[in-house]
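*Asks:* In our numbering, the protein residues as written are 24 to 266. Glycine included, each C-beta is placed from N, C-alpha and C at the ideal position. Predicted model only: the values in this text are computed from it and were never measured. I am attaching a structure below and will ask some questions about it afterwards.
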Amino acid sequence: MFTLRNITKKYGKNIALDNVSLSISSGMNFIIGASGSGKSTLLKIMSGFDDDYSGEVHLYGKNIKELKSKEKSFLYNNTFGFIWQNFNLLEDCTVLDNILLPVQLKSTVDRKQAEKLVCDLKLKNVVNKQVKYLSGGQKQRVGIARAIMQKPKMILCDEPIASLDPKASKVIMDQLKEINQTKGITCLVNLHQVDVAIKYSERIIGVSGGKIVYDGPAEHLTKEIIQQIYQSSANDLIMDLQR
Ligand code: ADP
Ligand code: MG
24 MFTLRNITKK YGKNIALDNV SLSISSGMNF IIGASGSGKS TLLKIMSGFD DDYSGEVHLY
84 GKNIKELKSK EKSFLYNNTF GFIWQNFNLL EDCTVLDNIL LPVQLKSTVD RKQAEKLVCD
144 LKLKNVVNKQ VKYLSGGQKQ RVGIARAIMQ KPKMILCDEP IASLDPKASK VIMDQLKEIN
204 QTKGITCLVN LHQVDVAIKY SERIIGVSGG KIVYDGPAEH LTKEIIQQIY QSSANDLIMD
264 LQR
């Protein structure tokens with residue numbers, strides 16, 4: 024579905040991504056790495072928000088830099104949904120408006136789907152509340168509903184649980200796993216927490232200093248590789264895993 028070839032991204036002299044190649048086709052994929060390792064930069068390039076890079080991004084075999092902007096928007100709008108760390112919701116609007124407004128802008132709204140999502144994501148009792156009165160976990164469930172309404176093939180998530188407590192984080196991760204399994208939506212999730220990534224992943228991509236240093240199943244992640252990814256002692260991280 025999605026291929027990056029030899030992507031290099033620089034901010035001035037700082038190399039944020041260094042010759043990264045990567046293909047994503049299905050399943051639950053997690054990009055892990057320390058703060059500043061290049062996870063968000065990778066997602067911004069994949070999501071089309073940043074096209075100032077060298078290398079090629081191919082979506083369904085098409086080099087996106089060669090597409091006309093209308094064709095690119097169409098392809099991206101019909102492929103991706105996004106979930107953000109800071110939710111990116113309209114705080115003064117209701118839960119329902121946040122779920123419906125983005126799709127109203129591009130097509131007719133499937134109200135039945137919206138109602139089902141509100142129930143599935145346990146948002147029924149807050150559906151007419153303004154988002155600013157919701158907890159972080161509730162806000163992120165609105166973010167998930169909004170993303171699913173776009174009928175995406177792939178959901179890109181940048182640190183979706185970074186501002187949530189462990190209980191709310193588990194609910195969000197369980198939901199992502201469920202939409203992958205029941206709707207077949209591919210998930211690509213940036214995460215700082217190696218323990219959560221291992222628990223939910225089919226594939227882990229470890230990024231360090233702008234390079235991919237691991238790409239494979241969680242079972243093959245050794246203490247040494249985790250240490251290499253995080254460039255620090257893996258003991259704390261491993262203790263998290265054993266808990
Ligand atoms: P991560 O998401 O893994 O924490 P980022 O992709 O945000 O890492 O950052 C990768 C590198 O690029 C870091 O060195 C960061 O300081 C730098 N960087 C990210 N965004 C910008 C920006 N807008 N301007 C300058 N440098 C940036
Ligand atoms: Mg980041």
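(1) May I have the straight-line CA-CA distance separating glutamate 114 from threonine 245, to the nearest angstrom?
(2) Tell me the rounded alpha-carbon separation between glycine 160 and methionine 69.
(3) Express the C-alpha separation of leucine 199 and proline 189 in angstroms, rounding to a whole number.
(4) Starting from threonine 205, trace the alpha helix (DSSP H) both ways and give me its first and last residue.
(5) Is glycine 61 near the ligand ADP, going by C-beta to nearest heavy atom under 6 Å?
(6) In whole angstroms, give me the CA-to-CA distance for isoleucine 122 and glutamate 247.
(7) Could you pull the DSSP bridge partners for lysine 33 from this structure?
(8) For glutamate 225, I'd like the list of residues in its chain whose CB is within less than 6 Å of its CB, leaving aside the five on either flank, ordered along the chain.
(9) Within the chosen definition, does the stretch 159-178 reach the stretch 102-116 through at least 3 CB pairs nearer than 8 Å?
(10) In whole angstroms, give me the CA-to-CA distance for glutamine 127 and histidine 81.
(11) For the alpha helix (DSSP H) containing aspartate 143, list its first residue and its last residue.
(12) Starting from the Cα of lysine 67, find the closest Cα among Thr31, Ala191 and Leu90 and give me that residue.
(13) So if DSSP puts asparagine 52 in a beta bridge, which residue, or which two residues, is it bridged to?
(14) Give the C-beta separation of leucine 146 and valine 118 to the nearest angstrom, bearing in mind that I take them to be a contact with Cβ-Cβ under 8 Å.
(15) Could you check if aspartate 75 is buried or exposed, using at least 16 other CB atoms within 10 Å of its CB as the buried criterion?
(16) If you reduce the DSSP assignment to three classes, tell me which class valine 150 lands in.
(17) Classify threonine 209 as buried or exposed, calling it buried when 16 or more other Cβ atoms lie within 10 Å of its own Cβ.
*Replies:* Concretely, from the data shown:
(1) Per the coordinates, the alpha-carbon of glutamate 114 lies some 42 Å from the alpha-carbon of threonine 245.
(2) Using only the alpha carbons, I get a separation of about 26 Å.
(3) If you take the alpha carbons of proline 189 and leucine 199, they lie about 15 Å apart.
(4) Threonine 205 -> alpha helix (DSSP H) spans 189-206.
(5) Yes, the Cβ of glycine 61 comes within 6 Å of a heavy atom of the ligand ADP.
(6) The alpha-carbon separation between isoleucine 122 and glutamate 247 amounts to approximately 43 Å.
(7) Answer is Ile38, bridged to lysine 33.
(8) Here glutamate 225 has Gly50 and Met51 as same chain residues with Cβ atoms under 6 Å from its own Cβ, once five neighbours each way along the sequence are excluded.
(9) Taking a cut-off of 8 Å on C-beta distances, the stretch 159-178 touches the stretch 102-116, as three or more cross pairs fall below it.
(10) Those two C-alpha atoms are separated by around 28 Å.
(11) It spans 134-143 - the alpha helix (DSSP H) in which aspartate 143 sits, taken as one unbroken run.
(12) Looking at the Cα atoms, Thr31 is the closest of the given residues.
(13) In the DSSP output, where bridge partners are listed per residue, asparagine 52 has Leu211 and Arg226.
(14) The pair is a contact, with the Cβ atoms about 6 Å apart (cut-off 8 Å).
(15) Around the Cβ of aspartate 75, a 10 Å sphere holds fewer than 16 other Cβ atoms; the residue is exposed.
(16) Coil.
(17) Threonine 209 should be labelled buried.
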